[in-house]
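Notes to accompany the following structure.
Numbering (the working numbering), first residue to last: 3 to 136.
Shown next, in the form of C-alpha cells:
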C-alpha cells in the first residue's frame, strides 16, 4: 500500500512514532481549516510509551532542523502535544484519544492512515523473545 506524498518532516514524524510502536497513526490535512496545515494523531499504550514517542519525534525533527515551538503535557499525562507551527503532533493514551475525538471534530479533513509497519517474520520455532520453543 502506498500513501500520498507528505512533506518530509511530517513523514519523519510518522516514522519516528512508528519506530516507538505508536498505534492508530493518522495524519489529518487541515490546510485552510485551522491554524495548522496538518495534525499527526497517534496513540501510545502506556504513559512511558507516550513520552518515548514524543521524545523520538522531537529528536528526529531536531535532526532535520525543525524547531519545536511549544510542548504541552506533563510527565504522566495522557496527551502530549508537540506544536511545530504549521503542523501539530498529538500523542494520546487510547482513553484520551477517544474522549477528545479529534477525528470526529475534524471529520471533513482528508485523512491519511498509516498501518503498523510489517514486522519481519519470526524464524520457525522461535518465540517473540527469540528463544527457541520447546
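Using N, Cα and C, we set each Cβ at its ideal position, and we do this for glycine too.
query: Can you give me the Cβ contacts of residue 32 inside the same chain, cut-off strictly under 8 Å, excluding the 5 residues immediately before and after it?; result: 38, 39, 40, 41, 108 and 111
query: In three-state terms, what does DSSP make of residue 131?; result: Only weak support is given to the placement of residue 131: the predicted model assigns it a pLDDT of 45, under 50, and the question is left unresolved by the model.
query: With DSSP as the reference, label residue 21 as helix, strand or coil.; result: helix
query: Enumerate in chain order the residues of its own chain whose CB-to-CB distance from residue 60 is below 7 Å, with the five nearest sequence positions on each side excluded.; result: 70 and 84
query: At what residues does the beta strand (DSSP E) containing residue 40 begin and finish?; result: 40-46
query: Are residue 19 and residue 27 closer than 8 Å when you measure CB to CB?; result: yes
query: Can you look up residue 107 in the DSSP assignment and give me helix, strand or coil?; result: helix
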